[in-house]
Amino acid sequence: MYRILVVEDDPGLRGVLVRGLQEEAFDVLVAADGAGALRGADPSVDAVVLDIGLPDSDGRDVCQALRARGVDAPVIFLTAYDGLVDRLSGFSAGGDDYLSKPFHVAELAARLRAALRRAGKNPTVQAAGLRLDPARFVLEGPGGEVALTPTEFRLLGCLMAAPGTVVRRRALLRAGWPEGAIVTDNTLDQYLARLRRKLRDAGGTAGIGTVRGVGYRYA
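Mind the numbering: the sequence shown is residues 210 to 428 in the working numbering, read in order.
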């Protein structure tokens, strides 16, 4: 999955962004200020969502500092201001896109995927002749392409990332749903049943096996 660093000082909005982006199949890291952004923007981060109005600094200054450190991950600014001068100053600071508040998380997710494609970032998971495409939520195999929902993508990605390894139910629940979501065992079982069918449709030679009392294994 793409790893996104969200830098937002408002705890309410930060929580909304984390939950929404997780539902869109992003792996999300958070920071509440500019100092945290500079600490958190390590090489594993694929993109940064950066609020301009941070308590300790201007987000544009933070972006310039990231660029000076060699961080080339796409940066999308969040701001309450939408004037031409504001947008131009954000681009001049090294930003890749600009989203004014209020906005819908689905639009932010779409802009992130577009920025990641432009940057040539396309982390994929491959195992047993199948490939997960995170840009399109597609499972590719000898049988063709099979569309996945965001939840199916997260669950299958968790299993395919460690083929042959038993993944416990609790780990799958954490991977599939945002923190705090109420998910029954039956719901997880239904998703895994659908994924087994989609693996067959894609022509995969591996499947999702049940290890009784422990969890599940992609092999």
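Quick reminder that beta carbons are idealized off the backbone N, C-alpha and C, glycines included.
Note that this is a predicted model, so its numbers are computed, not measured.
{"Item": "Cut-off 8 angstroms between Cβ atoms - residues of its own chain near residue 296, not counting five sequence neighbours on either side", "Value": "307"}
{"Item": "Terminal residues of the beta strand (DSSP E) in which residue 306 lies", "Value": "306-309"}
{"Item": "Pair within 7 angstroms by beta-carbon distance, residue 218 and residue 263", "Value": "yes"}
{"Item": "Same chain, Cβ closer than 7 angstroms to residue 274, five either side skipped, listed in chain order", "Value": "247"}
{"Item": "Cβ-based burial, residue 420 [other Cβ within 10 Å; buried from 16]", "Value": "exposed"}
{"Item": "Cβ neighbours of residue 442 in the same chain (closer than 6 angstroms, five flanking residues each side left out)", "Value": "Coverage of the chain is limited to positions 210 through 428, which leaves residue 442 absent and any answer about it impossible."}
{"Item": "Same chain only: Cβ atoms within 6 angstroms of residue 370, ignoring 5 sequence neighbours per side", "Value": "334"}
{"Item": "C-alpha gap between residue 305 and residue 422, whole angstroms", "Value": "47 angstroms"}
{"Item": "Identity of the residue in 367, 356, 343 nearest residue 411 by Cα", "Value": "356"}
{"Item": "Burial state of residue 414 (16 or more Cβ within 10 Å)", "Value": "exposed"}
{"Item": "Local Cβ density within 10 Å of residue 282, reported as buried at 16 or more and exposed below that", "Value": "buried"}
{"Item": "C-beta contact flag for residue 284 and residue 272 at 7 angstroms", "Value": "yes"}
{"Item": "Beta-carbon contacts of residue 325 that lie in its chain and below 8 angstroms, excluding the five residues immediately before and after", "Value": "211, 255, 256, 283, 331, 344"}
{"Item": "Cα-Cα separation, residue 397 to residue 232", "Value": "15 angstroms"}
{"Item": "Assigned secondary structure, residue 295 (DSSP; H/G/I helix, E/B strand, else coil)", "Value": "helix"}
{"Item": "Helix, strand or coil at residue 361 according to DSSP, with G and I counted as helix", "Value": "helix"}
{"Item": "Distance, residue 300 Cα to residue 361 Cα", "Value": "36 angstroms"}
{"Item": "Distance CB(residue 404)-CB(residue 365) smaller than 7 angstroms", "Value": "yes"}
{"Item": "Supposed contact pair residue 424 and residue 376 - C-beta distance, whole angstroms, cut 8 angstroms", "Value": "5 angstroms"}
{"Item": "Whether residue 249 touches residue 260 by CB criterion (7 angstroms)", "Value": "no"}
{"Item": "Nearest candidate by alpha-carbon position, reference residue 328, set 363, 280, 352", "Value": "280"}
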